[in-house]
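Chains as they are written, first to last, in this note's numbering: chain A, 1 to 395; chain B, 396 to 790.
Number of protein chains: 2
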Amino acid sequence: MREVAIIGIGHTKFGIASKTLIELFSEAALQATDDANIDPKQIEALFQGAALPGFEEGQVMPAAFSAADLNLGPIPATRCEGACASASVAIRDAAMWVGAGAYDLVLAGGVEKASTMGVSFATRTFAMACHASTEGPAGLTFPGVFAMAARVYARKYGIPLEKLREQMAYVSVKNHRHGALNPLAHFYKKYGALKIEEVLNSRLVADPLTLMDCCPFSDGASALVLCAAEVARKYTDDPVYILGTGQGSGTPLSKMEDLTKPVSRIRSARAAFKQADLSPEDIDMVEIHDCFTIAELIALESIGFFTWGEAAEATATGQTDLGGKIPVNMSGGLIGKGHPIGATGASQIYWLVKQMRGEAPNGNQINPVPEYGMTDTLGGDFGTLCHIILGRSKR
Amino acid sequence: MREVAIIGIGHTKFGIASKTLIELFSEAALQATDDANIDPKQIEALFQGAALPGFEEGQVMPAAFSAADLNLGPIPATRCEGACASASVAIRDAAMWVGAGAYDLVLAGGVEKASTMGVSFATRTFAMACHASTEGPAGLTFPGVFAMAARVYARKYGIPLEKLREQMAYVSVKNHRHGALNPLAHFYKKYGALKIEEVLNSRLVADPLTLMDCCPFSDGASALVLCAAEVARKYTDDPVYILGTGQGSGTPLSKMEDLTKPVSRIRSARAAFKQADLSPEDIDMVEIHDCFTIAELIALESIGFFTWGEAAEATATGQTDLGGKIPVNMSGGLIGKGHPIGATGASQIYWLVKQMRGEAPNGNQINPVPEYGMTDTLGGDFGTLCHIILGRSKR
């Protein structure tokens, strides 16, 4: 298998967009091909993540129409769907096709246009990534799933719920601080000075989670140009390499042994580390799927950045801040940057690449420039997990 | 790249099912693992096609829940969506992962549960695979697209429309004759003695297409076990090899030069032939995406089995019958066997493999047992095309 490099990146503003989802994706894709110094006509295949385009715009099969809008010609265009992990699955798939030698230059990314649905309908449709026959009739939605996870976490590790609420609130404060500095974030300049008390006192969504514990529904797209590592320097001086990927699948919640230790995530992260021949200690930064504050904490433990039950305290004491043990969600994460579902995995990669080029927004840049970064993307209630490890040097 | 073999196949009854889509897929998948003489636990990854599970059952991310229902453990499970070509895209993707050496044993296939929607709503939701911003507001649905294609075909080749209607009707008669012999077909034993006049006189759906020119909406699933060709004979005496695959993408109809010569299909078929190092003359049988009778005719020309404008006459004179130049849709095709969208591409492969094992339903078996077979699967109005070429010997 050949090694694979990222040579171009693109990212729309996240938030409420007036463009269609096809137009949003094209905006990010053309940025990516420009950034890679290639003509879109050189692209040999497209891999696109999108979660709910049928419900959002009555558009199924968006990948093919994106290829057409970008005037890529009759090349293969494949949509991958793994709920909120759709883009990561698409990027992992794209990396395989390039790694196997089938293509030299491909476009991969994701898009979502959630704002067409409104918050209530979006909450319902997103919840279709729960298990339809057992969780659907129970009325489960994702705020409910993660509220349960928070309660399990508190009880399991003997943390008073009020204390956990404060620790979770720190995730929101940190990610909003980062997001406020990110011009492409949904909440740019909005909650940079958010206080713990404001998170605790915001509207209750699913006890113990308040509105500020939750990420927003966003519109947006992000795209990458991947190529064979051996030719990457033909296109750019700053290639970033995909060193390892992993993917895992979960079960209906009723069959999960422990809501705070998703096997799908543990298995996926391990596969990525194994392929990259790295361990959590080697990673300089991570973009975590913080759909809710508690989600960031349990992800950090499942991947292995902290031992079980310690991520909450570690986070509240600054160990995931810039300058801490492992900076987490320097982009703002889903909470500060926004969460256009199908685009999120590609956006996570985009911001790692920006860091590795030394181009992160002022105040969010890690110094020295990070050598290794990792993404963690979660689809549904642990149904689909995907991890991607990037490095500035080849394996 | 390693060569890839199909060592196990499964297929539910097509028609109206009482099972959920997850259950339907599991039924086909367990048949496939049994047929391959493997324990499902040996499967390393799942690739699943599904087109509209959110609209049908409120189930997004079905691949992960299929992996759970099959008790496959936390392995990667990816849903591919390319409208009616979803399963073929998933199988092509699966073949790449095995070919590249990432996995030795994978499960690939597709599923759909269209009957939950009812015909009117299904027609609307299927039409979301048209271009949402130009074709949606115009009220286009697929019967309309293919009615236009029939009219263009008639005018272009100077065929009186009434004559073309009779030639198209022959496709329906032939495919229903095959489907009536297939116990898993939606219309098993139903229209085996259908007459041209009955097709012409059935209810008009979109002029000039009548009800009997159209495939039905069906429920069903089909699944395959793929493995590295080098170890295939460890599992079975009758491996069938994937010799070539192709995939292509189209444009909105308004940008298509010629509705009867879809570039996406031409490009996709050529890619498959090139990889297989074969040409149309080498192929012994083909399963064509006959969503409408006219669709079979234009597909035959685009792939290269007949020259432009000659497929209608060739078909009406028996050249695509059993014993003809190229037997087409010996399974019954979408028209006779049924069309559970996301499953169709896998079903096409299933029936080619059955032929190549000499196990086709009585009356439908090609003799001598065919050496090479090909599938043609169409998503949307030429948005996604996929071709897969199978052989009884390696390349």
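Backbone N, C-alpha and C define an ideal beta-carbon position, used for all residues, glycine too.
For clarity, every value in this text was computed on a predicted model and none was experimentally measured.
Would a C-beta distance cut-off of 9 Å place A/A64 and B/G778 closer than the cut-off? The residue labelled residue 64 of chain A in the question sits at position 64 within the first sequence. The residue labelled residue 778 of chain B in the question sits at position 383 within the second sequence. Here A/A64 is near B/G778, since their CB atoms are less than 9 Å apart.
Looking at the strands, I want to know which residues DSSP matches up with A/S26. For this step, residue 26 of chain A is matched to residue 26 along the first sequence. DSSP lists no partner for A/S26.
Own chain, CB closer than 7 Å to A/A415, minus 5 neighbours either side, in chain order: Absent from the model: residue 415 of chain A. The displayed extent of chain A is 1 to 395, so no value can be given.
Taking DSSP as the reference, what is the three-state secondary structure of B/R519? Within the second sequence, numbered from 1, the residue matching residue 519 of chain B stands at position 124. When DSSP states are grouped into helix, strand and coil, B/R519 belongs to the helix group.
How would you list, in chain order, the residues of chain B whose beta-carbon sits under 8 Å from the beta-carbon of A/R79? Within the first sequence, residue 79 of chain A is the residue found at index 79, counting from 1. The contact set of A/R79 on chain B, defined by CB atoms closer than 8 Å, consists of C475, E476, G477 in chain order.
Check the C-beta distance from A/G49 over to A/S26 and give it rounded, since I have them as a contact under 8 Å. Here residue 49 of chain A is taken as the residue at index 49 of the first sequence, counted from 1. Here residue 26 of chain A is taken as the residue at index 26 of the first sequence, counted from 1. Not quite, the Cβ-Cβ distance comes to about 15 Å (not below 8 Å), so this is no contact.
Tell me, to the nearest whole angstrom, how far the beta carbon of B/R628 is from that of B/G494; I am working on the premise that it is less than 8 Å. For the purposes of this step, residue 628 of chain B is identified with residue 233 of the second sequence, where counting begins at 1. For the purposes of this step, residue 494 of chain B is identified with residue 99 of the second sequence, where counting begins at 1. About 18 Å separates the beta carbon of B/R628 from that of B/G494, a gap too long to meet the 8 Å contact definition.
List, from N- to C-terminal side, the alpha helix (DSSP H) runs of 4 residues or more that fit wholly inside the stretch 599-681 of chain B. You should have 658-671.
Residue environment, B/R550, which counts as buried when at least 16 other CB atoms sit within 10 Å: Sequence index remark: in the second sequence, residue 550 of chain B carries index 155 (1-based). Its Cβ having fewer than 16 others within 10 Å, B/R550 is exposed.
Pull up the distance between the alpha-carbon of A/E301 and that of A/S393, whole angstroms please. Indexing the first sequence from 1 puts residue 301 of chain A at position 301. Indexing the first sequence from 1 puts residue 393 of chain A at position 393. Answer to the nearest angstrom: the Cα atoms are 27 Å apart.
Just list the alpha helix (DSSP H) runs in the stretch 134-170 of chain A, keeping only unbroken ones of 4 residues or longer that don't cross its boundaries, in chain order. Correct list: 142-156.
Spatial neighbours of B/I872 within its chain, please: CB distance less than 8 Å, with the 5 preceding and 5 following residues excluded, ordered by chain position. Outside the shown range of chain B, which is 396 to 790, sits residue 872 of chain B, and nothing can be said about it.
Let me know the secondary structure DSSP gives A/K19 once reduced to three states. Taking the first residue of the first sequence as 1, we reach residue 19 of chain A at position 19. If DSSP states are grouped into helix, strand and coil, A/K19 belongs with coil.
Beta carbon of A/G345, beta carbon of A/V171: below 9 Å? For the purposes of this step, residue 345 of chain A is taken as the residue at position 345 of the first sequence. For the purposes of this step, residue 171 of chain A is taken as the residue at position 171 of the first sequence. A/V171 sits away from A/G345, with the two beta carbons spaced by 9 Å or more.
With a cut-off of 8 Å on the beta carbons, I'd call B/N466 and B/H573 a contact; round off their distance for me. As a position in the second sequence, residue 466 of chain B is number 71, starting the count at 1. As a position in the second sequence, residue 573 of chain B is number 178, starting the count at 1. Rounded, the Cβ-Cβ distance is 36 Å, inconsistent with contact.
Looking at the C-beta of B/R662, does it have a partner C-beta in chain A at a distance below 9 Å? Within the second sequence, the letter at position 267 stands for residue 662 of chain B. For B/R662, the answer is yes, since a Cβ of chain A falls inside 9 Å of its Cβ.
Contact set for A/K13: own chain, Cβ-Cβ below 6 Å, skip 5 residues either direction: Within the first sequence, residue 13 of chain A is the residue found at index 13, counting from 1. Shown here for A/K13: same chain residues with a beta carbon closer than 6 Å to its own, the five before and five after excluded, namely L184 in chain order.
Cα separation between A/L52 and A/L21? Position 52 of the first sequence, counting from 1, holds the residue named residue 52 of chain A. Position 21 of the first sequence, counting from 1, holds the residue named residue 21 of chain A. Rounded to whole angstroms, A/L52 to A/L21 spans 11 Å at the Cα level.
Spatial neighbours of B/E705 in its chain, beta-carbon cut-off 8 Å, leaving aside the 5 residues before and after: Numbered from its first residue, the second sequence carries residue 705 of chain B at position 310. Within the same chain, E696 come within 8 Å of B/E705 by CB-CB distance, once the 5 residues on both sides are set aside.
In angstroms, rounded to a whole number, what distance separates the CA positions of A/N362 and A/I283? Counting from 1 along the first sequence, the entry for residue 362 of chain A is found at position 362. Counting from 1 along the first sequence, the entry for residue 283 of chain A is found at position 283. So the alpha carbons of these two residues sit roughly 22 Å apart.
Taking contact to mean 3 or more Cβ pairs, one atom from each stretch, closer than 8 Å, check whether the stretch 274-281 of chain A and the stretch 136-151 of chain A are in contact. Contact between the stretch 274-281 of chain A and the stretch 136-151 of chain A is absent: fewer than three C-beta pairs spanning the two stretches fall below 8 Å.
Using 9 Å as the threshold, is the C-beta distance between A/A127 and A/F142 below it? Residue mapping note: residue 127 of chain A aligns to position 127 of the first sequence, counting from 1. Residue mapping note: residue 142 of chain A aligns to position 142 of the first sequence, counting from 1. With a cutoff of 9 Å on beta-carbon distance, A/A127 and A/F142 are scored as near each other.
Does the Cβ of A/T317 have 16 or more other Cβ atoms within 10 Å, making it buried, or fewer, making it exposed? Working through the first sequence from its first residue, we reach residue 317 of chain A at position 317. Per the 10 Å Cβ criterion, exposed.
Looking only at C-alpha atoms, which of B/N759, B/M563, B/W746 sits nearest to B/A616? By 1-based counting over the second sequence, the position of residue 616 of chain B is 221. When each option's Cα is compared against that of B/A616, the closest is B/W746.
Give me the subset of the stretch 222-253 of chain A whose CB atoms are less than 9 Å from a CB atom of chain B, sorted by chain position. Within the stretch 222-253 of chain A, the residues whose Cβ lies closer than 9 Å to some Cβ of chain B are G246, Q247, G248, S249, G250, T251, P252, listed in chain order.
For A/L105, which residues does DSSP report across the bridge? Working through the first sequence from its first residue, we reach residue 105 of chain A at position 105. Per DSSP, the beta bridge partners of A/L105 are A/C227.
Going residue by residue through the stretch 51-86 of chain A, where are the continuous alpha helix (DSSP H) segments of at least 4 residues, counting only ones entirely within it? Runs found: 53-57, 62-69.
A/M374, enclosing beta strand (DSSP E) - first and last residue: Residue numbering aside, residue 374 of chain A sits at position 374 when the first sequence is read from its first letter. Residues 372-379.
What does the alpha-carbon distance come out to for the pair B/L419 and B/I637? Position 24 of the second sequence, counted from the first residue, corresponds to residue 419 of chain B. Position 242 of the second sequence, counted from the first residue, corresponds to residue 637 of chain B. Each residue's Cα considered, the two are about 25 Å apart.
Between B/I433, B/P555, B/I411, which has its C-alpha nearest B/M512's C-alpha? Against the second sequence, residue 512 of chain B aligns to sequence position 117. With distances taken between Cα atoms, B/M512 lies closest to B/I411.
Coil, strand or helix - B/L695 by DSSP: In the second sequence, the residue the question calls residue 695 of chain B occupies position 300. Note: B/L695 maps to helix in three-state DSSP.
Measuring only the C-alpha atoms, how far is B/R546 from B/H684? For the purposes of this step, residue 546 of chain B is taken as residue 151 along the second sequence, with counting starting at 1. For the purposes of this step, residue 684 of chain B is taken as residue 289 along the second sequence, with counting starting at 1. Those two C-alpha atoms are separated by around 19 Å.
Within this structure, are the beta carbons of B/Q760 and B/G753 separated by less than 9 Å? Here residue 760 of chain B refers to the residue found at position 365 of the second sequence. Here residue 753 of chain B refers to the residue found at position 358 of the second sequence. Cβ atoms of B/Q760 and B/G753: closer than 9 Å.
Give me, in chain order, the residues of the same chain whose beta-carbon lies closer than 7 Å to that of B/D633; leave out the 5 immediate sequence neighbours on both sides. What you label residue 633 of chain B is simply residue 238 of the second sequence in a count that begins at 1. The residues are R752.
Proximal residues to B/M769 (C-beta, below 6 Å), its chain only, five neighbours per side dropped: On the second sequence, residue 769 of chain B is found 374 positions in, with the first residue counted as 1. The beta carbon of B/M769 sits closer than 6 Å to those of I678, V681, I784, all from its chain and outside the five residues before and after it, given in chain order.
Residues of the stretch 199-221 of chain A in Cβ contact with chain B at a cutoff of 8 Å, in chain order, please. When C-beta distances to chain B are compared with 8 Å, every residue of the stretch 199-221 of chain A stays at or above that value.
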